[in-house]
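Undergrad: All residue numbers for the sequence shown refer to the working numbering, where the first residue is 68 and numbers rise by one.
Just so you know, even glycine gets a beta-carbon here, dropped at the ideal spot from N, CA and C.
Sharing a structure with you now.
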Amino acid sequence: SVARNPTKPLLASCSTDKTVRSYKYRIPPPSSEDETSSYYGEGLKFELNNSIATGHAKTIRAPAWSPSGNTLATGSFNSNVGIWQQVGEEDEEGAWECVSSLEGHETECKGVAYSASETLLTSCSRDKSVWVWEVLPDADFECIGVLIEHSQDVKSVAWHPREEILASCSYDGTIRIWIDDPQDDWDCVAILRGHTSTVWSMSFSPDGNYIASGSDDRTVRIWKRWDCVQVLEGYHDRTIFSVAWGEGNPVLRGGLRAHLTANRSSCTKSM
Numbered sequence: 068s069v070a071r072n073p074t075k076p077l078l079a080s081c082s083t084d085k086t087v088r089s090y091k092y093r094i095p096p097p098s099s100e101d102e103t104s105s106y107y108g109e110g111l112k113f114e115l116n117n118s119i120a121t122g123h124a125k126t127i128r129a130p131a132w133s134p135s136g137n138t139l140a141t142g143s144f145n146s147n148v149g150i151w152q153q154v155g156e157e158d159e160e161g162a163w164e165c166v167s168s169l170e171g172h173e174t175e176c177k178g179v180a181y182s183a184s185e186t187l188l189t190s191c192s193r194d195k196s197v198w199v200w201e202v203l204p205d206a207d208f209e210c211i212g213v214l215i216e217h218s219q220d221v222k223s224v225a226w227h228p229r230e231e232i233l234a235s236c237s238y239d240g241t242i243r244i245w246i247d248d249p250q251d252d253w254d255c256v257a258i259l260r261g262h263t264s265t266v267w268s269m270s271f272s273p274d275g276n277y278i279a280s281g282s283d284d285r286t287v288r289i290w291k292r293w294d295c296v297q298v299l300e301g302y303h304d305r306t307i308f309s310v311a312w313g314e315g316n317p318v319l320r321g322g323l324r325a326h327l328t329a330n331r332s333s334c335t336k337s338m
C-alpha cells in the first residue's frame, strides 16, 4: 500500500520487508506550449528520501499520514499500530522515531486512517473489529470506541474529508457507516449492500459526496449518501484491491456527478 502526504511532496510505501520508505517527488511547471503536461505526469521525478526500519515483527499492511503531514501511522500484521514522527526537517532527511505503539487488536491490523480534524485515528483488523482512538497531546492515544458489528475481518477504513463520519469495509461484503453518538458510542447508521463478495477498499471523493468501493466481485461501486448510483463492471478480470479518487478538473467532476445521478443501479442500503 502507498499513501501520499497531504502537505508535502512525499509518498510513503510499506512492504512485507517490514519497512516504510518515503519518496520525494517533484512536479515540473507546465511548459508554455502545453499547460497539461505536468497534469499528466510528464517530467515527474521521484527519489528515495528515507527508509524506516519500523521494528514491526510482521508485514506492514497500511501507512496513513495525518492531515498536517507531520505524523505517519502504520498498521501491521503483528496487530500493532505504530505512530511515527520525524526528527529534523524533511529536506535534511531526519530520522523517524516511533513515538507511540497502539495495542488492542487480537490479530492482523489491515488498515489505519486519520480523521480530517486529526483528532481521531481509526484502525481495523482481521479480528472483525474497528477501533477508534482519540489523538491526545504528547503522542498519546486513548481508545474511545471498539466497533464489532462486521461478521468477518475488516479490510479497510476511511474518514469523510470534512465530517467525522467513518466508513469500514469487510470480508462480509458490506460497507458500514459510523457516526459518533455523544450520548452513547459510535452508531452504525447505514449498511451498504450490493457487492457479492469481499469489499477490499473504499474511498471518499474529495468533496465527500461519494464513496467508491472495490471488491472481489470485480466491480467498482459508486455510492452517494448512502445509495448506490453506479456499478462499474466488465473492466477487471480479477479482484479489485484498491480504489482512489483524483482531484481532477472541476468541470469533469461536475460531469461525473450528472452522469452518476442519471445511472442508478440495483444496490441497497439497510439500517
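For Cys-255 versus Trp-267, is the C-beta distance shorter than 8 Å?
TA: For the purposes of this step, residue 255 is taken as the residue at position 188 of the sequence shown. For the purposes of this step, residue 267 is taken as the residue at position 200 of the sequence shown. No.
Undergrad: With distances taken from CA atoms, which of Thr-174, Ser-282, Glu-300 is nearest Ile-307?
TA: On the sequence shown, position 240 is the one that residue 307 refers to. The residue with the shortest Cα to Cα distance from Ile-307 is Ser-282.
Undergrad: Could you check if Thr-83 is buried or exposed, using at least 16 other CB atoms within 10 Å of its CB as the buried criterion?
TA: Position 16 of the sequence shown, counted from the start, is the residue given in the question as residue 83. Thr-83 is exposed by the Cβ-count criterion.
Undergrad: If you check the beta carbons only, do Asp-239 and Ser-218 fall under 8 Å apart?
TA: Position 172 of the sequence shown, counted from the start, is the residue given in the question as residue 239. Position 151 of the sequence shown, counted from the start, is the residue given in the question as residue 218. Yes. Within cutoff.
Undergrad: Report back the beta-carbon spacing between Ile-289 and Tyr-277 to the nearest angstrom; my notes put them in contact at under 8 Å.
TA: The residue given as residue 289 occupies position 222 in the sequence shown. The residue given as residue 277 occupies position 210 in the sequence shown. Right, the Cβ-Cβ distance comes to about 6 Å (below 8 Å), so this counts as a contact.
Undergrad: My assumption, with CB atoms under 8 Å, is that Ile-211 sits in contact with Val-199. Please give the rounded CB distance.
TA: Locating residue 211 in the sequence shown gives position 144, where the first residue counts as 1. Locating residue 199 in the sequence shown gives position 132, where the first residue counts as 1. Their Cβ separation, rounded to whole angstroms, is 6 Å, which keeps Ile-211 and Val-199 in contact under 8 Å.
Undergrad: Could you say which of Pro-134, Gln-153, Arg-128, Tyr-181 lies nearest to Leu-233 if we only look at CA atoms?
TA: In the sequence shown, counting from the first residue as 1, residue 233 sits at position 166. It is Tyr-181 whose Cα lies nearest to the Cα of Leu-233.
Undergrad: Using only the alpha-carbon positions, how far apart do Ile-119 and Trp-312 sit?
TA: Here residue 119 corresponds to residue number 52 of the sequence shown, with the count starting at 1. Here residue 312 corresponds to residue number 245 of the sequence shown, with the count starting at 1. One C-alpha to the other measures close to 27 Å.
Undergrad: If you drop the 5 nearest sequence neighbours on each side, which residues of the same chain put their C-beta closer than 7 Å to that of Pro-76?
TA: The sequence position of residue 76 within the sequence shown is 9, counting from 1. Cβ neighbours of Pro-76 beyond the five flanking positions: Lys-91, Tyr-92, Arg-93.
Undergrad: Note down the Cα distance separating Val-213 from Pro-95, rounded to an integer number of angstroms.
TA: Here residue 213 is taken as the residue at index 146 of the sequence shown, counted from 1. Here residue 95 is taken as the residue at index 28 of the sequence shown, counted from 1. If I take the Cα positions, the gap works out to 45 Å.
Undergrad: Output the distance between the C-alpha atoms of Ala-329 and Gln-297, rounded to the nearest integer angstrom.
TA: Locating residue 329 in the sequence shown gives position 262, where the first residue counts as 1. Locating residue 297 in the sequence shown gives position 230, where the first residue counts as 1. Residue confidence is low: Ala-329 scores 37 on pLDDT, short of 50, so the model does not pin down where it sits. Its coordinate-derived value is still stated next. Using only the alpha carbons, I get a separation of about 9 Å.
Undergrad: For Thr-186, which of Ala-129, Asp-251, Asp-207 has the nearest alpha-carbon?
TA: If you number the sequence shown from 1, residue 186 lands on position 119. When each option's Cα is compared against that of Thr-186, the closest is Asp-207.
Undergrad: Buried or exposed for Arg-128, going by 16 or more other Cβ atoms inside 10 Å?
TA: On the sequence shown, position 61 is the one that residue 128 refers to. The residue is buried, with at least 16 neighbouring Cβ atoms inside 10 Å.
Undergrad: Can you tell me the Cα-Cα spacing of Asp-220 and Ser-196, whole angstroms?
TA: Residue mapping note: residue 220 aligns to position 153 of the sequence shown, counting from 1. Residue mapping note: residue 196 aligns to position 129 of the sequence shown, counting from 1. So the two alpha carbons sit approximately 7 Å from each other.
Undergrad: Going along the chain, which residues of its own chain have a beta-carbon closer than 7 Å to the beta-carbon of Ala-70, five neighbours each way excluded?
TA: Reading the sequence shown from its first residue, position 3 is the one you call residue 70. Cβ neighbours of Ala-70 beyond the five flanking positions: Ala-79, Pro-130, Ala-131, Trp-132.
Undergrad: Under the three-state reduction of DSSP, which class applies to Leu-111: helix, strand or coil?
TA: Locating residue 111 in the sequence shown gives position 44, where the first residue counts as 1. If DSSP states are grouped into helix, strand and coil, Leu-111 belongs with coil.
Undergrad: Is Lys-91 a contact residue of the ligand ZN, with contact defined as CB to any heavy atom under 7 Å?
TA: As presented, the structure is devoid of all ligands, the ligand ZN included, so that no description of it is given.
Undergrad: Which full runs of the alpha helix (DSSP H) of 4+ residues lie inside the stretch 261–286, going along the chain?
TA: If only complete runs of 4 or more residues are kept, the stretch 261–286 shows no alpha helix (DSSP H) anywhere.
Undergrad: Does Pro-228 come within less than 8 Å of chain C when only Cβ atoms are used?
TA: Protein chain content of the structure displayed is limited to a single chain, and chain C is not contained in it.
Undergrad: So Asp-207 is in the beta strand (DSSP E); what residue range does that whole segment cover?
TA: Reading the sequence shown from its first residue, position 140 is the one you call residue 207. Asp-207 -> beta strand (DSSP E) spans 207–214.
Undergrad: Taking Ser-190 as the reference, which of Glu-175, Arg-305, Ser-309 has the closest Cα?
TA: As a position in the sequence shown, residue 190 is number 123, starting the count at 1. Of Glu-175, Arg-305, Ser-309, the residue nearest in Cα terms is Glu-175.
Undergrad: Measuring CB to CB, does Ser-264 end up less than 8 Å from Asp-284?
TA: Working through the sequence shown from its first residue, we reach residue 264 at position 197. Working through the sequence shown from its first residue, we reach residue 284 at position 217. The answer is yes: Cβ separation under 8 Å.
Undergrad: Between Ser-146 and Glu-173, which are expected to be in contact by the criterion C-beta below 8 Å, what is the C-beta distance as a whole number of angstroms?
TA: The count along the sequence shown starts at 1 and reaches residue 146 at position 79. The count along the sequence shown starts at 1 and reaches residue 173 at position 106. Between Glu-173 and Ser-146 the Cβ distance is about 7 Å, and since that is below 8 Å, they are a contact.
Undergrad: For Lys-125, report the span of its beta strand (DSSP E) as first-last.
TA: Residue 125 sits at position 58 when you count from the first residue of the sequence shown. Counting along the chain, Lys-125 falls outside any beta strand (DSSP E), and DSSP gives it neither H nor E.
Undergrad: Under 6 Å Cβ to Cβ from Ala-162, same chain only, skipping five residues before and after it: list those, please.
TA: Your numbering for residue 162 matches position 95 in the sequence shown. For Ala-162, where only same-chain residues beyond five positions count, the Cβ hits under 6 Å are Val-154.
Undergrad: Identify, in the order they occur along the chain, each residue of the same chain with its Cβ nearer than 8 Å to the Cβ of Trp-253, setting aside the five sequence neighbours on each side.
TA: The sequence position of residue 253 within the sequence shown is 186, counting from 1. The residues are Val-199, Gly-212, Leu-214, Leu-233, Trp-245, Ile-246, Asp-247.
Undergrad: Just to confirm the assignment: which complete beta strand (DSSP E) runs, minimum length 3, are found wholly within the stretch 163–193?
TA: At a cut-off of 3 residues, the continuous stretches assigned as beta strand (DSSP E) that sit fully inside the stretch 163–193 are 163–169, 176–181, 187–192.
Undergrad: Would you mind reading off the limits of the beta strand (DSSP E) that contains Gln-297?
TA: Stepping through the sequence shown from its first residue, residue 297 is reached at position 230. Here the beta strand (DSSP E) through Gln-297 covers 294–299.
Undergrad: What's the C-alpha gap between Ser-68 and Cys-81?
TA: By one-based count along the sequence shown, residue 68 stands at place 1. By one-based count along the sequence shown, residue 81 stands at place 14. Their Cα atoms are separated by approximately 6 Å.
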